[in-house]
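Trainee: Residue numbers (the UniProt record's numbering), protein chains in the order written: chain L, 1 to 208; chain B, 1 to 208; chain Z, 1 to 208; chain U, 1 to 208; chain R, 1 to 208; chain E, 1 to 208.
The beta carbon of each residue, even a glycine, is placed where N, CA and C say it ideally should be.
Owing to the predicted nature of the structure, the values given are computational and were not obtained by experimental measurement.
Number of protein chains: 6
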Amino acid sequence: MRNLSLIFLFCLLSSLSHAIELDFCVGDPSLPRGPEGYACKDPAKVTTDDFVYTGFRGEKTPNNVFGNNVTLAFSDVFPAFNGLGISMARLDFAIGGVIPVHSHRTSEVLLLVKGTIIAGFIDTNNTAYYKRLEVGDVMVFPQAMLHFQINVGKTPATAFVSLNGANPALQLTPTSLFAGNLPADIAQQITLLSHEEVRRMKRIFGTA
Amino acid sequence: MRNLSLIFLFCLLSSLSHAIELDFCVGDPSLPRGPEGYACKDPAKVTTDDFVYTGFRGEKTPNNVFGNNVTLAFSDVFPAFNGLGISMARLDFAIGGVIPVHSHRTSEVLLLVKGTIIAGFIDTNNTAYYKRLEVGDVMVFPQAMLHFQINVGKTPATAFVSLNGANPALQLTPTSLFAGNLPADIAQQITLLSHEEVRRMKRIFGTA
Amino acid sequence: MRNLSLIFLFCLLSSLSHAIELDFCVGDPSLPRGPEGYACKDPAKVTTDDFVYTGFRGEKTPNNVFGNNVTLAFSDVFPAFNGLGISMARLDFAIGGVIPVHSHRTSEVLLLVKGTIIAGFIDTNNTAYYKRLEVGDVMVFPQAMLHFQINVGKTPATAFVSLNGANPALQLTPTSLFAGNLPADIAQQITLLSHEEVRRMKRIFGTA
Amino acid sequence: MRNLSLIFLFCLLSSLSHAIELDFCVGDPSLPRGPEGYACKDPAKVTTDDFVYTGFRGEKTPNNVFGNNVTLAFSDVFPAFNGLGISMARLDFAIGGVIPVHSHRTSEVLLLVKGTIIAGFIDTNNTAYYKRLEVGDVMVFPQAMLHFQINVGKTPATAFVSLNGANPALQLTPTSLFAGNLPADIAQQITLLSHEEVRRMKRIFGTA
Amino acid sequence: MRNLSLIFLFCLLSSLSHAIELDFCVGDPSLPRGPEGYACKDPAKVTTDDFVYTGFRGEKTPNNVFGNNVTLAFSDVFPAFNGLGISMARLDFAIGGVIPVHSHRTSEVLLLVKGTIIAGFIDTNNTAYYKRLEVGDVMVFPQAMLHFQINVGKTPATAFVSLNGANPALQLTPTSLFAGNLPADIAQQITLLSHEEVRRMKRIFGTA
Amino acid sequence: MRNLSLIFLFCLLSSLSHAIELDFCVGDPSLPRGPEGYACKDPAKVTTDDFVYTGFRGEKTPNNVFGNNVTLAFSDVFPAFNGLGISMARLDFAIGGVIPVHSHRTSEVLLLVKGTIIAGFIDTNNTAYYKRLEVGDVMVFPQAMLHFQINVGKTPATAFVSLNGANPALQLTPTSLFAGNLPADIAQQITLLSHEEVRRMKRIFGTA
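1) Below 9 Å between beta carbons is the criterion; list the residues of the stretch 79 to 95 of chain Z that meet it against any residue of chain L, in chain order.
2) What residues from chain E crowd round Z/Ser176, counting only those whose CB sits closer than 7 Å?
3) Hey, is L/Leu72's beta-carbon within less than 8 Å of any beta-carbon in chain E?
4) Which residues in the same chain have their Cβ closer than 6 Å to the Cβ of Z/Tyr53, if we skip the five residues on either side of it in sequence?
5) Grouping DSSP H, G and I as helix and E and B as strand, with all else coil, what is R/Met145?
6) Per DSSP, what kind of secondary structure is L/Ala44 in: helix, strand or coil?
7) So L/Glu36 contacts chain E; which residues on that side make the cut at Cβ distance below 8 Å?
8) Rounded to whole angstroms, what is the Cα-Cα separation between B/Pro32 and U/Arg90?
9) Once the 5 residues before and after U/Asp92 are set aside, which same chain residues still bring their CB inside 6 Å of it?
10) Taking 6 Å as the limit between beta carbons, can you name the residues of its chain near R/Pro142, skipping five residues before and five after?
11) Which parts of the stretch 20 to 108 of chain L are runs of the beta strand (DSSP E), unbroken and 3 residues or longer, counting only runs that do not cross its ends?
12) Kindly list, in the order they appear in chain E, the residues whose Cβ is closer than 8 Å to that of U/Pro62.
13) Write down the C-beta distance between U/Phe24 and U/Pro100 rounded to the nearest angstrom, noting that I regard them as a contact closer than 8 Å.
14) Can you tell me whether DSSP reads B/Ile190 as helix, strand or coil?
15) Note down, in chain order, every chain L residue with its Cβ under 9 Å from the Cβ of Z/Gly136.
16) Can you tell me whether residue 209 of chain U is helix, strand or coil according to DSSP?
17) For B/Pro35, count the other beta carbons within 10 Å of its own beta carbon; 16 or more makes it buried, fewer makes it exposed. Which is it?
18) Over what stretch of residues does the beta strand (DSSP E) that includes Z/Leu177 continue unbroken?
19) Is B/Val77 close to chain R? Criterion is C-beta to C-beta, closer than 8 Å.
20) Can you tell me the Cα-Cα spacing of L/Ala119 and L/Val135, whole angstroms?
21) When the Cα of Z/Asn181 is compared with those of E/Asp123, E/Ser75, E/Val152, which residue comes out closest?
22) What three-state label does DSSP hand B/Ala184 in the structure shown?
23) Compute the distance between the beta-carbons of Z/Ala80 and Z/Phe56, then report whether it is under 8 Å.
24) Over the uninterrupted beta strand (DSSP E) stretch that includes U/Val161, give me the two end residues.
25) Could you work out which residues of chain U lie near R/Pro100, taking near to mean beta carbons separated by less than 9 Å?
26) Tell me the residue span of the beta strand (DSSP E) that contains R/Ala119.
27) Have a look at Z/Thr172 and Z/Leu22 and give me their C-alpha separation to the nearest angstrom.
28) Quick test of your reading: U/Ile95 and R/Ile186, contact by CB under 8 Å. State the CB separation rounded to the nearest angstrom.
29) In the DSSP assignment, find the unbroken beta strand (DSSP E) run with Z/Leu170 in it and report its ends.
30) Here's the rule I'm using: 16 or more other beta-carbon atoms within 10 Å means buried, otherwise exposed. How should L/Glu196 be labelled?
31) Does any residue of chain E bring its CB to less than 8 Å from the CB of U/Gln149?
32) Can the beta-carbon of B/Met201 be found less than 8 Å from the beta-carbon of L/Leu192?
33) Determine which residues share a DSSP beta bridge with R/Val138 and list them.
34) For the beta strand (DSSP E) containing U/Ala128, name the first residue and the last one.
35) If you count every other CB in all the chains shown that lies within 10 Å of the CB of U/Ile204, and 16 or more means buried, which is it?
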């Protein structure tokens, strides 16, 4: 029987030897990147550690102007996601902290694991859907819709989100408009905000 | 020969008689809708007129607070787009008019046919890419990225855009935040805008 | 200004009044279902509660032969996922409990929130990738690959998984082969398991 | 043990009872159809026979002007293909028979099981790729490219093709131009064919 | 506040520094190409000019046997389209000019900006849908269906088309059959055209 | 006329010269591979032979422990499939031979060309759908579902399968669990099989 199985194994391994490469495509950032993601790391060098991400362990202290700490596990920091169409992020909120209004190329689902937050999204009819969530609650934010989270509890809060893209984009509206190179006069025209408010916002982000 | 071809035609028509139904799926809004679009209108009732949209004809006068007039040819108004993954819109600008910052679920390509505009988008690194366009110029706005257009010429301007979705969503940032039911205090928290500015914006849209 | 904005709003609402329907497509199981999911619930009847799932709250006691308790939040129990291509599940393990070897139509990412487990998957070259995970660790299981989780700690364990499909299928190998209507002789032939072992397995699942 | 497994089964069946519906979506042509295919037949009425197609059995005699007999197994005649993105067809050739130049929405792969044919396709640079095939040979025709098959042997020939769409379209160039309602003068203008040749072709198909 | 925002910015830029790469993937033709398009140009070298195409400016004089001038803006000439699934073309017609019958891998939408044309497509049931269009009219041609345009006015005409693919293929039926390397006898067999007509057509395209 | 057509051809070839590259993307395994497949072989070096696969010719003798001989024509052995989303395999069965229970990332359609087999699949509700097939019969196995084939006739049998992926994965349950590096104790825990049976299975595959 052992001989038979060895023959079988040899036969199987011959025909499958390359097929394995696309069971997964752990990204190799040193190679050219295409529209669908990174080129694949040599499968012979892939180990179990490539499929495990440990960057969510421990405490994450919010330390920015929004009172949040966002830990992204997108395909650039966790290359095992490359080509698989899924990714995650951890959201930590100080008391009163927020994730400002933002959007992604994909849909997102949020799971609250600590604290109490209000989460919501706005649809293209300008209707806002928002609710106070308890620990264990799940909320979904449809693809590309503006959404936000606010810590409304008396303690820090933590949530985990999953997105159905390996590199789903995180576009924060306030920083897009005020923290980069967009001129103040354009920002003003395309938002109807006042000249003074645009300058105040740019000062917050150090670009005035 | 005629007999042969009749036999052939009969044979062909028999085998193809249902296959034609998905060469196209003109939407029928009276039937239940699924995540991929409307159910199909009975193909026997489809005529050439279903495939032609005439709503872009003539003059379009900008008459809103932004100085624009947006004519959407999405699958709800032009049901031939249903299931085909493409749509269009016409943008008319008064002198000084703008299409405020907004995003879609899809990518968009713009063709300027009259006037002079500045068009641009912002990426997730807060970098703005914007440029003055002449008649005949084309600019592409990648999927889900915030983008905008401003008439910077001394005459009205007109552009046509195409999007690679039948119902690609049009989410205007200012109206999402200030023209709907989102409470002022939430709008303030998720944007860092001042209390006064949020109230001013809501007054513009009649929701203060 | 108010008049202008009212005109603008009217103009905007007219053109967008149907477009909103596919910002989301909360499933309506009472309507016919298509290959891409359920037909959409009337958007006028959708409320924030449709987007929030509370079924993961509280304790979940493992009570089956595998020592697990699987709470699926697929589109049939949480219709807001319909059409959005994402879903979740909660996995609770008794001491020594397992999620037996299984697969999905989609990829999956797991987040361990309590206890210590070994998680792993097997690729088409018969190579197993498995590892002991700590609280906070994330592991990804590529699309369609057989995978499993085992509680190897001295306490119960809990994990949450996300999958990039609204209804991603959960096909457990042991129950597929032994808990349904597959005849024992076929199960034996297609697995090479012994006659006695197949009967023993079918007794476990009450189908002998 | 039996009690435990019954509890387990009950638990499993409860949570999975609706999930089974999209393991497959056998089409029900009596329900409204969407852009992605037919609505699903009630899973409770689906049997093994739904997944087996017997229309390829036996002899198929070519009897049309092209000397072929095409048996399509698309989703309209084999509803199990609905939503699965795959379909088949059987091609029988008389001596000298041809499948005239045609195209599909999808890619196609052909397997020759009897006789000798020349098969080929033309790319968008007007380069034709064609070759004489033996029994057992496989040729692939890339998505949407014009392609054809000619029986060049001294016996009838048979091939089977698979296409990666449930309803991949079969658009025959000669019948598109000459066997339907396209006026002769338009056919002439859009092909550069002579007036006389267009009339000759329309006579072949009984539409002159 | 400035310190806070600097900390925030540093934190944000760190976590996002690579994520920006797939907001867009401007094609780099000097790198290996994959099935989904070109590899991405180094994002650090991308400027606004990469997103603007000026090749549609000015007059385009029809000068070929069909009386047309087709200016393609596919991803090879406008690499910003790479990976975004959209493209454009400009069609200029001499008086009496035509775009001969052709097809694409994708769907197409046409906007007439000058003159009067008849545009149409043929479905797989050999039904032609065609209509006289006025300036401003839009017509859609479903994926892979044969279609055509004819200038029927007394002046030159111009139209712009958009297609939902970055490289959607343009396969002209007459040149596919007669302007390349397809032998005359095969062209004759797969079309039922006469020997003389095939030779006449090949003479038109210089391949007799 | 010849001059005109030469001018036309020059014009056409100029504008299309790169567009041809993605009519097909024959894989080049010497270049880096991405999640969507291999990079494309230089189109200038592609010939008709690249599109024809001859590996299914002749007799195939089953010689392994399962009594089968599986000849895979996936994109690694037939690179023309690269990027086209389709592939094939030939299945030869000795008398009594089986293709053991297995799954793919894609759907599969089987055509029986010799002998008599029982083919079937199991859905996520543990319901098995299986049937005795005659020559010419077709059976479809939905995406990712466990399925199998058994030669139940008195002669060898042969079938061809097509799958809607270029590299659709072949994951055999018995070899996944027992022929690779998965430790015996894990295999036992995740299947509920007995310690003795796991060891017997591993001996069959030479891994005990």
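Mentor: So, from the listed chains and residues:
1) Of all residues in the stretch 79 to 95 of chain Z, only Ala80, Phe81, Gly83, Leu84, Gly85, Ile86, Ser87, Met88, Arg90 come within less than 9 Å of chain L when Cβ atoms are compared, listed by chain position.
2) Walking along the third sequence from the start, residue 176 of chain Z turns up at place 176. At a C-beta separation below 7 Å, Z/Ser176 has these neighbours in chain E: Ile122, Asn126, Leu146.
3) Within the first sequence, the letter at position 72 stands for residue 72 of chain L. No, L/Leu72 lies away from the interface with chain E (no Cβ there is under 8 Å from its Cβ).
4) In the third sequence, the residue the question calls residue 53 of chain Z occupies position 53. For Z/Tyr53, where only same-chain residues beyond five positions count, the Cβ hits under 6 Å are Ala73, Phe78.
5) Along the fifth sequence, one-based indexing puts residue 145 of chain R at 145. Judged by DSSP in its simplified three-state form, R/Met145 adopts coil rather than helix or strand.
6) If you number the first sequence from 1, residue 44 of chain L lands on position 44. Collapsing the DSSP output to three states places L/Ala44 in a helix.
7) For the purposes of this step, residue 36 of chain L is identified with residue 36 of the first sequence, where counting begins at 1. Under the 8 Å cutoff, chain E gives Gly34, Pro35, Glu36.
8) One-based indexing of the second sequence puts residue 32 of chain B at position 32. One-based indexing of the fourth sequence puts residue 90 of chain U at position 90. For B/Pro32 and U/Arg90, the distance between alpha carbons rounds to 36 Å.
9) Within the fourth sequence, numbered from 1, the residue matching residue 92 of chain U stands at position 92. Within the same chain, U/Asp92 has close Cβ partners Lys60, Pro62, Asn69, Thr158.
10) The count along the fifth sequence starts at 1 and reaches residue 142 of chain R at position 142. The answer, listed in chain order, is Ser107.
11) For the stretch 20 to 108 of chain L, whole beta strand (DSSP E) runs of length 3 or above, ordered along the chain, are 68 to 73, 87 to 93, 98 to 103.
12) For the purposes of this step, residue 62 of chain U is taken as the residue at position 62 of the fourth sequence. From the beta-carbon of U/Pro62, no residue of chain E is found nearer than 8 Å; the closest lies around 17 Å away.
13) Locating residue 24 of chain U in the fourth sequence gives position 24, where the first residue counts as 1. Locating residue 100 of chain U in the fourth sequence gives position 100, where the first residue counts as 1. The distance from the Cβ of U/Phe24 to that of U/Pro100 is about 34 Å, inconsistent with a contact at the 8 Å cut-off.
14) Residue mapping note: residue 190 of chain B aligns to position 190 of the second sequence, counting from 1. Reduced to three states, the DSSP call for B/Ile190 is coil.
15) Here residue 136 of chain Z refers to the residue found at position 136 when the third sequence is read from its first residue. The contacting residues are Thr54, Gly55, Phe56, Arg57, Gly58, Arg90.
16) Residue 209 of chain U lies beyond the stretch modelled for chain U, which goes from 1 to 208, so this question has no answer here.
17) For the purposes of this step, residue 35 of chain B is taken as residue 35 along the second sequence, with counting starting at 1. Buried.
18) Position 177 of the third sequence holds residue 177 of chain Z. Taken as a continuous stretch (DSSP letters only), Z/Leu177 belongs to no beta strand (DSSP E), being part of the alpha helix (DSSP H) at 173 to 178.
19) Counting from one through the second sequence, the residue named residue 77 of chain B turns up at place 77. It does not: the Cβ of B/Val77 has no partner Cβ on chain R nearer than 8 Å.
20) Reading the first sequence from its first residue, position 119 is the one you call residue 119 of chain L. Reading the first sequence from its first residue, position 135 is the one you call residue 135 of chain L. One C-alpha to the other measures close to 13 Å.
21) In the third sequence, counting from the first residue as 1, residue 181 of chain Z sits at position 181. For Z/Asn181, the nearest C-alpha among the options comes from E/Asp123.
22) As a first step, residue 184 of chain B must be located in the second sequence, where it is residue number 184. Reduced to three states, the DSSP call for B/Ala184 is helix.
23) What you label residue 80 of chain Z is simply residue 80 of the third sequence in a count that begins at 1. What you label residue 56 of chain Z is simply residue 56 of the third sequence in a count that begins at 1. No; because the gap between Cβ atoms is not below 8 Å, this pair is not in contact.
24) Residue numbering aside, residue 161 of chain U sits at position 161 when the fourth sequence is read from its first letter. Counted as a single uninterrupted DSSP element, the beta strand (DSSP E) harbouring U/Val161 occupies residues 157 to 163.
25) Position 100 of the fifth sequence, counted from the first residue, corresponds to residue 100 of chain R. The contacting residues are Gln189, Ile190, Thr191, Leu192.
26) Translated into positions along the fifth sequence, residue 119 of chain R becomes position 119. Following the DSSP letters along the chain, one finds R/Ala119 inside the beta strand (DSSP E) bounded by residues 117 to 122.
27) On the third sequence, residue 172 of chain Z is found 172 positions in, with the first residue counted as 1. On the third sequence, residue 22 of chain Z is found 22 positions in, with the first residue counted as 1. Sequence check: residue 172 of chain Z is Leu here, not Thr. Cα-Cα distance, rounded: 34 Å.
28) Here residue 95 of chain U refers to the residue found at position 95 of the fourth sequence. Here residue 186 of chain R refers to the residue found at position 186 of the fifth sequence. Your pair U/Ile95 and R/Ile186 does not check out as a contact, with CB atoms roughly 17 Å apart and the cut at 8 Å.
29) By 1-based counting over the third sequence, the position of residue 170 of chain Z is 170. Per DSSP, Z/Leu170 belongs to no beta strand (DSSP E) and is neither H nor E.
30) Within the first sequence, numbered from 1, the residue matching residue 196 of chain L stands at position 196. Here L/Glu196 is exposed: its Cβ has fewer than 16 other Cβ atoms, across all protein chains shown, within 10 Å.
31) What you label residue 149 of chain U is simply residue 149 of the fourth sequence in a count that begins at 1. Under the Cβ distance rule, U/Gln149 does not count among the residues neighbouring chain E, no pair being separated by less than 8 Å.
32) Taking the second sequence and counting its residues from 1, the one referred to as residue 201 of chain B is at position 201. Taking the first sequence and counting its residues from 1, the one referred to as residue 192 of chain L is at position 192. Their beta carbons are under 8 Å apart, which means B/Met201 touches L/Leu192 by this criterion.
33) Translated into positions along the fifth sequence, residue 138 of chain R becomes position 138. In the DSSP output, where bridge partners are listed per residue, R/Val138 has B/Tyr53, R/Leu111.
34) Looking up residue 128 of chain U in the fourth sequence gives position 128. In the DSSP assignment, U/Ala128 falls within the unbroken beta strand (DSSP E) covering 128 to 133.
35) As a working mapping, residue 204 of chain U is identified with position 204 in the fourth sequence. Buried is the label assigned to U/Ile204, since at least 16 other Cβ atoms lie within 10 Å of its Cβ.
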